[in-house]
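In full-length UniProt numbering, the protein residues as written are 1 to 230.
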Amino acid sequence: MERILSIIGLEINKKGFLKKLIFSLIIIIGILFLSIIITKEKINTVPAMLLKVISYVILANYSVSLTEEFTNKTDKIIFTGIFTRSEIMTSKLIKFIYINIISFIFYEITLILSNSFNKEVFLNNFYAFIIYAFTLGSFILLVSSITSSTIITGVISYILYFDLTLIMLSQALIFIKSQLIRNIIENSPFYIVNTGFYLGNYTGKQSILMIIYGLIFLSMYCAIINKKDI
1 MERILSIIGL EINKKGFLKK LIFSLIIIIG ILFLSIIITK EKINTVPAML
51 LKVISYVILA NYSVSLTEEF TNKTDKIIFT GIFTRSEIMT SKLIKFIYIN
101 IISFIFYEIT LILSNSFNKE VFLNNFYAFI IYAFTLGSFI LLVSSITSST
151 IITGVISYIL YFDLTLIMLS QALIFIKSQL IRNIIENSPF YIVNTGFYLG
201 NYTGKQSILM IIYGLIFLSM YCAIINKKDI
């Protein structure tokens, strides 16, 4: 446990990591509130807008965090050093959770500023951020073990989980009549991950599926990284 905590400390204390994350969230929140003032929209729409933007911030941070050793050509030092690959994987996942906790704090602050804070859903929101970190983080971890590229990892994850794919799956649910295909779409990770996160809450069934998918992605990652010649 001490060894894992040591790696987590090194990850979090990397130059500028925390400052960049906090600064980006502050700027984003400021821009969203400014846009609401300019467009004269209702202030309580800001939190929902922020959740969507935060998902991109999380995606970018995960992709960079997972591939920076390969980008900086320090992967051999990291993966052949005193820490095992399992310990490195665990530290990365905990770092993702740390990123999401910071993001969650700013989201809750935004709820307060927009007069939308509800203590009854506080824990549901927190849980949504944590399970989002586990499942999406596990998938990006898997992709990074194959590509070793920040850009490619980010692009693949973006294509499969965001915007166009999400819209296509949502449209498919409207027009497709086959209940079997509808069930496949509704229970796929590519549909569940962000639709639940944008609502700030996952149903019990979605939560179970998210955990299962996360475990599958982690198992695949372990199988690949343990065979990979670094």
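Don't be surprised by glycine CBs; every beta carbon is placed ideally from N, CA and C.
Distance CB(residue i)-CB(residue j) smaller than 8 Å
| i | j | result |
| --- | --- | --- |
| Phe-96 | Ala-133 | yes |
| Leu-166 | Asn-194 | yes |
| Ile-146 | Ser-157 | no |
| Tyr-62 | Leu-160 | no |
| Ser-65 | Lys-40 | no |
| Ser-138 | Leu-218 | yes |
| Ile-109 | Leu-21 | no |
| Val-53 | Phe-33 | no |
| Asn-187 | Leu-164 | no |
| Ile-29 | Phe-117 | no |
| Ile-36 | Ile-43 | yes |
Coil, strand or helix - residue i by DSSP
| i | result |
| --- | --- |
| Phe-117 | coil |
| Ile-152 | helix |
| Phe-33 | helix |
| Glu-41 | coil |
| Tyr-202 | coil |
| Gly-137 | helix |
Local Cβ density within 10 Å of residue i, reported as buried at 16 or more and exposed below that
| i | result |
| --- | --- |
| Phe-129 | buried |
| Lys-19 | exposed |
| Met-168 | exposed |
| Asn-125 | buried |
| Thr-203 | exposed |
| Asn-59 | Before going further, note that residue 59 is Leu rather than Asn in the sequence given. Its Cβ being crowded by 16 or more others within 10 Å, Leu-59 is buried. |
| Ile-174 | exposed |
| Ile-101 | exposed |
| Leu-50 | buried |
| Leu-25 | buried |
| residue 256 | There is no way to answer for residue 256, as the model of the chain reaches only from 1 to 230. |
| Ile-131 | buried |
| Leu-180 | exposed |
| Ser-178 | exposed |
| Gly-196 | buried |
| Gly-154 | buried |
| Ser-86 | exposed |
Expected contact under 8 Å - CB spacing of residue i and residue j to nearest Å
| i | j | result |
| --- | --- | --- |
| Val-57 | Ser-103 | 7 Å |
| Gly-206 | Ile-192 | What sits at residue 206 in the sequence shown is Gln, not Gly. Correct: roughly 5 Å between the Cβ atoms. |
| Leu-142 | Tyr-221 | 4 Å |
Neighbour flag for residue i against chain B, beta carbons, 8 Å
| i | result |
| --- | --- |
| Ile-102 | Structure shown: chain B not included; a single protein chain is present. |
Could you tell me which uninterrupted beta strand (DSSP E) segments, each at least 3 residues in length, are contained entirely in the stretch 161-219, listed from first to last along the chain?
none
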